[in-house]
Amino acid sequence: MHVAAVTLLACCLLAVAEDPVKRPEDLLKDKLSQIVDEEMDTDKDGSVTVGELQAWLQAAQVSAVEENVDRQWRYYEPELHDVLSWEGYNPEKKEVLHWDKYKNLTFPDSVHVVQTMIIMLIQLIMFSLSCPLTYLCCTVLNQEPPTEESTSLRDILVKTERRWKTADSNEDGYLEKEEFKLVLHPEESDKMSDVLVLETIEDMDSDKNGEVSLDEYMAHLSKVAGPERDDPAWAQAQQSNFASYLDKNKDGSLSREEMKEWVVPPYDRYEADAWRLMSVADKDNDAKLSKQDIMDHHEYFVSPSWAREEQSEGIKHDEF
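Using mature numbering (1 follows the signal peptide of the UniProt record, and there is no 0), the letters of the sequence shown correspond one by one to residues -17 to -1, 1 to 303.
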């Protein structure tokens, strides 16, 4: 989910509690209007440039990540533990979290599926919908035959442990807070890029040959897309993007290197997002957005489908 959508949806959840009569869409618009005035238009000239959009997107992401990490770190109640420096001496006590504790709290055994779904919903709300993986907690381990739900949650456990081991620099099973951040938000560090690419391939590679074909690519996008997938032009655009931009060697499938360039693009993602928003809302092509431009296209700033579209097309700003 696009961080702007996460932030606004979280604000909307709080606002609904205060004003249950007002429609959620109106609450989102109110919050977006406030953000334009207070956070986007930093020079107060009545318009928002690409640079201002980029700065706002980055600040929102950093804030959301730090708040989420702080909240979950407190939830797991880290313990003081002697941590050795790289030189291997003069240990110092630091707050750390061990994998076994994290696993047992997040993936307890023999939990009923209904209880699992309730816990998932509560934690998604608690953590403002900003964690992409970790809080789909509680798997049904030891259930025969395995259900679709238990298989999916077991897969999440495997992926989470792989993230943990990659983030664990000294391989002692303990993570400091900054390492824990890499588990929750691997997109924030180059160290985790290979893990992210592998996860994406595993999700999309249905025939398990280590590559992603056009059919697998389209099947995945159709699964995660919103109503736009019913538009014939949408499928055509995705196929064109695959052939023109993603499949560099034109062999009809995406290798790990080609997937890496898509999943972990070599360009500034905040700048790319800013140009994408600009291309949608800037109808007079002056490279500036008025507040009315943004409000007229509010769904692109707050809708989860925006994130799906941005991810699926992998647009760079120089393509506009």
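All residues carry an ideal CB built from backbone N, CA and C; glycine is no exception.
- Going by DSSP, Ser176 is part of the alpha helix (DSSP H) stretching over 176 to 187.
- Rounded to whole angstroms, the gap between the alpha carbons of His81 and Leu158 is 6 Å.
- Between Lys142 and Glu199, the CB-CB gap reaches or exceeds 9 Å.
- In the structure shown, Leu158 adopts extended strand secondary structure according to DSSP, grouped into three states.
- Boundaries of the beta strand (DSSP E) harbouring Leu80: 75 to 81, taken from the DSSP string.
- DSSP places Lys266 in the coil class of the three-state scheme, outside both helix and strand.
- The residues Glu78, Val79, Leu80, in chain order, have a CB closer than 7 Å to that of Pro61 in the same chain once the five nearest residues on each side in sequence are set aside.
- Contact annotation: the segment 269 to 277 does not touch the segment 217 to 236, with fewer than three C-beta pairs closer than 8 Å.
- Excluding the 5 residues flanking it on each side, Ser205 has same chain C-beta neighbours closer than 7 Å at Arg212, in chain order.
- Beta-bridge partners assigned by DSSP to His280: none are found.
- Note on geometry: alpha-carbon atoms of Glu49 and His280 lie some 28 Å from one another.
- In the same chain as Glu8, and ignoring 5 residues on each side of it, no C-beta atom comes closer than 7 Å to its own.
- Measuring C-alpha to C-alpha distances from Gln55 to each of Asp151, Val66, Phe163 identifies Phe163 as the nearest.
- By the neighbour-count definition (other C-beta atoms within 10 Å, threshold 16), Asp276 is a buried residue.
- Between Asp155 and Glu75, the alpha-carbon positions lie close to 15 Å from each other.
- Here Thr25 is exposed. Its C-beta has fewer than 16 other C-beta atoms within 10 Å.
- Checking the DSSP bridge columns, you'll see Val195 partnered with Leu237.
- Around Ser189, the same chain offers Glu199, Ala202 as residues with beta carbons nearer than 8 Å, after the five sequence neighbours per side are excluded.
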